[in-house]
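When we follow my numbering, the leftmost residue of the sequence shown carries the number -16, and every step to the right adds one. Note that the Cβ used here is the ideal one computed from N, Cα and C, for glycine as well. Predicted, not measured: the structure shown is a model, and the values here were computed from it.
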Amino acid sequence: MEKRLTYNIQIERDEDGVYVVSVPALPGCLTQGRTFDEALKMAQDAIFGFVSVLAKRGEDVPVDHSRTSPFTVSIISPRVLA
């Protein structure tokens, strides 16, 4: 059975027009994209990779229950969590 994880993300456009994404529940999980859609895809990839590394290290994977951001990204949890 697949487990879906959903995280709030913050998206800001920098002075060069690049969309920068951070994930408050996963400190240090950052990415960017040239377009808004690319930034969302990159955020999904970054979250999946970040969560995978935490799980492989045996560290707790934070769960984001806050839903305070207008933007969220969902991933299917890595096999190490399933």
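Would residue 44 and residue 34 qualify as a contact pair, given that the criterion is a beta-carbon distance under 9 Å? yes
Consult DSSP for residue -2 and reduce its assignment to one of helix, strand or coil. coil
Per DSSP, cross-strand counterpart(s) of residue 9: Its beta-bridge partners do not exist; DSSP assigns none.
Give the DSSP bridge partners of residue 14, in chain order. 4
Under 9 Å, do residue 60 and residue -14 count as touching if we go by C-beta distance? yes
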